[in-house]
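Heads up, the thing below is written out as structure tokens.
Protein chains: 2
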Amino acid sequence: MPSRPARPRLEDVASRAGVSTASASLVLRGRPGPGAATREAVLDAARELGYRADRTASLLARRRTQLLGVTMDVSSTFHGELLEDLQAAADDRGYDIVVSPLTRTRDERRAVESLLDFRCEALLLLGPRLPDADLAALAEEHHVVAIGRRAQAAGVDVVRAADDVGVGLAVEHLFGLGHRHIAFVDGPRGPIATLRRQGYRRALKRLGLADGTVVVDGGGDEESGARAAAALHLPQLSKEAPGRVRMPSAVVAFNDRAALGLLDRLRRDGVDVPGDVSVVGYDDSLIARLATVDLTSVSQIPQAMATAAVEAATQRLDAGRTEPVELVLEPQLVVRGTTAPRGDTTTRRGGIREP
Amino acid sequence: MPSRPARPRLEDVASRAGVSTASASLVLRGRPGPGAATREAVLDAARELGYRADRTASLLARRRTQLLGVTMDVSSTFHGELLEDLQAAADDRGYDIVVSPLTRTRDERRAVESLLDFRCEALLLLGPRLPDADLAALAEEHHVVAIGRRAQAAGVDVVRAADDVGVGLAVEHLFGLGHRHIAFVDGPRGPIATLRRQGYRRALKRLGLADGTVVVDGGGDEESGARAAAALHLPQLSKEAPGRVRMPSAVVAFNDRAALGLLDRLRRDGVDVPGDVSVVGYDDSLIARLATVDLTSVSQIPQAMATAAVEAATQRLDAGRTEPVELVLEPQLVVRGTTAPRGDTTTRRGGIREP
DNA sequence: CGAGCGGTTTAAAGCGCTTTAAGTTACGAT
DNA sequence: ATCGTAACTTAAAGCGCTTTAAACCGCTCG
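Residue numbers (my numbering), protein chains in the order written: chain H, 1 to 355; chain C, 356 to 710.
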């Protein structure tokens, strides 16, 4: 039964402290000007009244809103993690975050509109699917930071991990374990998958394994991973490397979810992981870290991405930067229990622990 | 390079339409009063200018904010689903939603404060962990709806599914398939697990299987499910039903994640699901629905919960209800491929499909 | 001794919209 | 004609805070 207890207003604080609202306002926002005596009086009064500034009113009066808008896919745990870190980073810089979830019935465009209604000063888009042209158009009117994917859109800042390098790390790790036949499970069409696939191809080339290149169709979920597992067994495989029929002894998947589906199907089919086949995922998601899953994966270091993204936004807002930037972070390989030296038929349940 | 294009103001619309801002305001909000001619003129002008009301200003002027605040755990996909439906339901009633995610560094209290700063008119808390006393205190000053769990807190509205009934449905389904030894994997301490466990116990009693009651420790994640799988094989089991050593032929898990961990461990240990053992989860999460997983589960019908929750909030806000309500919805069993008649050793990969 | 000056404080003008109360108009009723 | 009234329309007063420009207050300086 909320009985509007007449939330105290700035005026109340001011009069209780015996000063003007102007002084009170300055003190409460820590601006220079008011003397020590005034400061103390105002702070005391505010404390006693339990005063909290009415954000709506301040936003209206101030030109600034100090609000960063974030669009995200709520069903993605990776986005969830990123959001946590964005919150923290924004907090540090005195910004607040408004989240606008994408849903089946609420596409990116609507989500962005909603953010603009809140008068967000910058838009942080997590893995945006908007075409580059739309991004560029948006960037003409607003500050926008695309997070987690490449974007060839004029004016937008980009913060992403070097996915090609990340896949490279995975391949090299497997190579180091003695694997020579390493397959790649592709992701859903889009800039992210393209880059990861590229990373795979180049790494194989670099290691002199180019003719063992095997890319099977996949996708971004468990389902696709399972399908890919089936594909890996099929004779098609040998068509890619005519003459020799050889099963890959290691697989790098587009992401952890696909890797999970893959793992599940392989194990149900009696394939020992990592004994018979090593598997590497991508994202270092929470689920990969579970002891039960213990999946070797590549981390996009979400915390660093989040910090960089918020930094990019505040540089524009507070430091007046106008030239777009692209920040590419180095991903990290996290070795766990689904990768093992080739030929090691002992399933190592515990696996190699990350540091 | 956002070049503040001087977003049009109500005044601009009004003068272009040749009327006062008062009329324009009325027209744009669809309030009765202005005549047809005025209406048209204003709407035209607004369209031509691409006018969008400045929410901040309206909020300040109006007493109302039409904002519902939602706290949620971003890492929970169930919360994610619920959020989608909340958005839709709020939309229908002309409300907007502000999401305040809980993170490691941002507990429920802070999340709620942030919502209040936005002047949300009601708080929708998804599976709140705040003690009942705190909920009650909060409810003295604000409208609060607790979603998904029981709450004995004065003044708060509760919208939840009858979890005991849900587990009962699962048990009865298994019973119908011929299972007589049905175990339950418990969840994390808390009101939710208590209720589900109760549902399990009562269902067994009802079916005359009370002496086959087996509750093993579990938890809310894959990890715990896997541990539980181990427990189910141990000799302890036989202690519960002394004299006869019998393995359960079916297991109901606290939630889908635990069920997943359980499934994984069972299958790795060579147990056929559903051939040897049937497994039922809870939540009917996205992952349960994946063809690869195809987990029989109990749905909390999130859409109905979301609608009911928003309805509860608007009833207070718009219809002036002051007495708290508790809405208990009937969950639904969704039969998929992890349950089969007892003794049926054929793994039915496709499983029974839901309608 | 008055002008000049930092350091403080504050009156008052908004921010962009809503809303109330007062003002118009047009018209049929008296 | 006069008045009342219904149907619109609008001037103006805020909503609660920020901010600008002016006012104040000792004091030092020429």
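Even glycine gets a Cβ: it sits at the ideal position worked out from N, Cα and C.
Item, Value
"Residue-chain proximity (GLU681/C, chain H), Cβ-Cβ < 8 angstroms", "no"
"Contact set for GLU436/C: own chain, Cβ-Cβ below 6 angstroms, skip 5 residues either direction", "PRO657"
"Buried or exposed (CB count within 10 angstroms, at least 16 for buried), THR677/C", "exposed"
"Residues that DSSP places opposite SER299/H in a beta bridge", "GLN332/H"
"Simplified DSSP state of MET681/C, which is helix, strand or coil", "Reading off the sequence, residue 681/C comes out as Glu, not Met. Residue state, collapsed to three classes: strand."
"Close-in-space but distant-in-sequence residues of the same chain around LEU135/H (CB under 7 angstroms, 5 per side omitted)", "PRO128, VAL144, ALA146, ALA151, ALA153 and VAL156"
"Spatial neighbours of ALA312/H in its chain, beta-carbon cut-off 8 angstroms, leaving aside the 5 residues before and after", "VAL145, ASP157, VAL159, VAL325 and LEU327"
"Environment of ALA377/C [buried if 16+ CB atoms lie within 10 Å]", "exposed"
"Sequence-distant residues of the same chain with beta carbon closer than 8 angstroms to ALA111/H, five excluded per side", "THR71, SER100, PRO101 and LEU102"
"Local Cβ density within 10 Å of PRO32/H, reported as buried at 16 or more and exposed below that", "exposed"
"Sequence ranges, alpha helix (DSSP H) only - wholly within the segment 25-93 of chain H, length at least 4", "36-49, 55-61 and 77-92"
"Below-8 angstroms beta-carbon distance, THR694/C vs any chain H residue", "no"
"THR458/C in three-state terms, based on DSSP", "strand"
"Exposure label - HIS233/H; buried when at least 16 CB within 10 Å", "exposed"
"Which listed residue (ASP447/C, GLY545/C and ALA586/C) has its alpha carbon closest to that of PRO486/C", "GLY545/C"
"Where SER20/H sits in the DSSP three-state scheme", "coil"
"Any C-beta of chain H under 8 angstroms from that of VAL453/C", "yes"
"Residue-level contact to chain H via CB, PRO456/C, 8 angstroms cutoff", "yes"
"For GLU121/H and PRO363/C, the rounded distance between their alpha carbons", "17 angstroms"
"Rounded straight-line distance, which links the Cα of LEU266/H to that of ASP276/H", "10 angstroms"
"Any 3 or more C-beta pairs closer than 8 angstroms across the segment 399-408 of chain C and the segment 55-69 of chain H", "no"
"Own chain residues within Cβ distance below 7 angstroms of SER299/H, not counting five before or after", "ASP284, PRO331, GLN332 and VAL334"
"Backbone CA spacing between ASP611/C and ALA170/H [nearest angstrom]", "31 angstroms"
"Below-8 angstroms beta-carbon distance, LEU592/C vs any chain H residue", "Bear in mind that a pLDDT of 42 at LEU592/C, under 50, signals an unreliable position, so the number given afterwards is only what the model happens to contain. Not one chain H Cβ lies under 8 angstroms of LEU592/C."
"Within chain C, the residues that ALA45/H reaches when beta carbons sit closer than 9 angstroms", "Simply none; closest approach about 20 angstroms."
"Through-space distance from LEU618/C to ASP627/C, alpha-carbon basis", "9 angstroms"
"Proximity of ALA695/C and PRO603/C at Cβ, strictly below 8 angstroms", "no"
"Interfacial residues, the segment 432-446 of chain C to chain H, with Cβ spacing under 9 angstroms", "THR432, HIS434, GLY435, GLU436, LEU438, GLU439, ASP440, GLN442, ALA443 and ASP446"
"Exposure of SER652/C, with buried meaning 16 or more beta-carbon neighbours within 10 Å", "buried"
"Separation of GLN421/C from TYR713/C, as counted between CA atoms", "This structure gives no information on residue 713/C, because the portion of chain C shown stretches from 356 to 710."
"Residues within the segment 259-283 of chain H neighbouring chain C, beta-carbon criterion of under 8 angstroms", "GLY261, ASP264, ARG265, ARG267 and ARG268"
"Interface residues of the segment 463-481 of chain C facing chain H [CB-CB below 7 angstroms]", "ASP472, PHE473 and ARG474"
"Local conformation of LEU290/H per DSSP, three classes", "coil"
"Beta-carbon proximity check, LEU174/H vs SER278/H, cutoff 8 angstroms", "yes"
"Beta-carbon neighbours of SER25/H, restricted to chain C and to distances below 9 angstroms", "Simply none; closest approach about 16 angstroms."
"Contacting residues, own chain, Cβ-Cβ under 7 angstroms from SER579/C (five flanking each side not counted)", "GLY573, ALA613 and GLY616"
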